[in-house]
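Chains as they are written, first to last, in UniProt numbering: chain A, 1 to 240; chain B, 1 to 240. Just so it is clear, CB atoms sit at the ideal spot from N, CA and C, and this is done for glycine as well. Worksheet: the structure to be examined is printed underneath.
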DNA sequence: CGCGACCTTGACCAGGATCAAAATCTGTGG
DNA sequence: CCACAGATTTTGATCCTGGTCAAGGTCGCG
């Protein structure tokens, strides 16, 4: 039980057999809950299990000695936030719960077993980490070549589609439980500038954001502003 | 034969059995040569084989409609430049030969066979793509939170270590066959500013760069300036 | 009611972009 | 070996996006 969002996510990419679903669900050793603002995994850890996010939002981040922080990924339900620790061994970054998170824990021994016995499932898990990589590349281009406003628009488009893919949208509205400071750490901007950029998007009638609820008011124009094309998210269904 | 640099690279992470080495070498269907400034793979392609760089330098890049370009990775001998296309299917970016490149071609059917029959080797190939991801994350933090000078220093440190890992350094000197414009596309800077930053690093006595040959004159200070710590490159040897 | 977190605003500053032009360097054909 | 064209590097001047600093305002909560 409880592997729901991951199944949903893997099944976007390719069909899972009933046996594969069973294997995946049996790979979960326990469910844990992490409070908001707590680390799910610490930088430098050498974990022996990986964390699959079932509910809540999380962020991967790196901190510099002087306190500057960069968030390198935002995770939503269905994301395997540190599947890579299975092979990378040492965590080169921390993972923070942005909201209370419900997490399925998968021991690395189970992952190893999957790689030994279930090649197709292995490929889908591998694929999962490859999509993470594709998102990183997209963020790199957004960071390097888009204006602050465009970058913000791009980020919102992406998050909307990713949430939509796991059924966590409500019409044109998503939950966006980030402070403006955290958004700044995500986009590489100062908090002050995040605020101004958001005001601009609001003034232009592209979004509404009150409390946690962010509504996309003009999807087409938001996509244009953010130069957003969703192919990199690999949401199409193919044999893998 | 000819899988040399990849073997070298995979063996940094873990030991390969003789059989695994043989399998890997047999997976190569042919060797091809790509001229400098030619695409090795085009964005949008749906390739049926992956390219392992044996000699030369290559870059992954995305282009915007207005011609702006962002390079998201620099590849050196031993890098599997598009291993991800095995599972991602569509190329979400192009791969460009920066110099003449000698490439080993591995059909996806062979990769699929490896995933079916050689779990440990599969894990090492997966690991390869995970290290790519770790590098992307590091670039993201460098891009978001480092000054132009620090970012440049960081980039040079990384490239040096990666070349060193595959035996392509000559003392403190590496080959850096990028124009300043290409460096700008890599770091998200303008060509002009790349030039100024390089002059600063030279004036500070940190590097020398003439023609293709870049020499690190003061490794310690360069590391400090670039806030560089190499753990993310995962150059340690562990069981995987 | 009061405190702390967060958001908002304004004034000013600076890192890096842009524009333009000159200086080098490279390769090519004669 | 030279001349020349194109690419690349360098320099200077100016502009502007986004950072920094500082102060209020707002909201939720104990």
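Of all Cβ atoms in chain B, is any one closer than 7 Å to the Cβ of residue i?
i	result
residue 20 of chain A	no
residue 84 of chain A	yes
residue 136 of chain A	yes
residue 109 of chain A	no
residue 238 of chain A	yes
residue 188 of chain A	yes
residue 209 of chain A	no
residue 219 of chain A	no
Closer than 7 Å, CB to CB, is residue i near chain A or not?
i	result
residue 45 of chain B	no
residue 92 of chain B	yes
residue 123 of chain B	yes
residue 9 of chain B	no
residue 149 of chain B	no
residue 1 of chain B	Here the model assigns residue 1 of chain B a pLDDT of 42, short of 50, so the residue's position is not dependable and the matter cannot be decided.
residue 37 of chain B	no
Against residue i, what residues of chain B qualify as contacts under a CB-to-CB distance less than 7 Å, listed in chain order?
i	result
residue 234 of chain A	88
residue 130 of chain A	84, 87, 88 and 129
Starting from residue i, trace the beta strand (DSSP E) in both directions and tell me its first and last residue.
i	result
residue 94 of chain B	94-97
residue 90 of chain B	Run containing residue 90 of chain B: none; DSSP gives neither H nor E here.
Since residue i meets chain A, which of its residues come closer than 7 Å, beta carbon to beta carbon?
i	result
residue 223 of chain B	In chain order: nothing, as chain A lies at least about 13 Å away.
residue 58 of chain B	Chain A residues near residue 58 of chain B: none, gap ~15 Å exceeds 7 Å.
residue 116 of chain B	119
residue 231 of chain B	90 and 92
residue 133 of chain B	84, 129, 132, 133 and 136
Give the DSSP bridge partners of residue i, in chain order.
i	result
residue 50 of chain A	A:106
residue 40 of chain B	DSSP output for residue 40 of chain B lists no bridge partner at all.
residue 73 of chain A	A:60
Over what stretch of residues does the alpha helix (DSSP H) that includes residue i continue unbroken?
i	result
residue 118 of chain A	Run containing residue 118 of chain A: none; DSSP gives neither H nor E here.
residue 23 of chain B	18-26
residue 60 of chain B	Unbroken run through residue 60 of chain B is the beta strand (DSSP E), 58-63; no alpha helix (DSSP H).
residue 193 of chain B	191-203
residue 160 of chain A	148-165
residue 178 of chain B	Run containing residue 178 of chain B: none; DSSP gives neither H nor E here.
residue 221 of chain A	219-225
With DSSP as the reference, label residue i as helix, strand or coil.
i	result
residue 33 of chain A	strand
residue 79 of chain A	coil
residue 235 of chain B	coil
residue 214 of chain A	strand
residue 172 of chain B	coil
residue 14 of chain A	coil
residue 208 of chain B	strand
residue 55 of chain B	strand
By the criterion of Cβ-Cβ separation under 8 Å, what are the contact partners of residue i in chain B?
i	result
residue 70 of chain A	140, 141, 144 and 145
Using a cut-off of 8 Å between C-beta atoms, extract the partners of residue i located in chain A.
i	result
residue 227 of chain B	64 and 65
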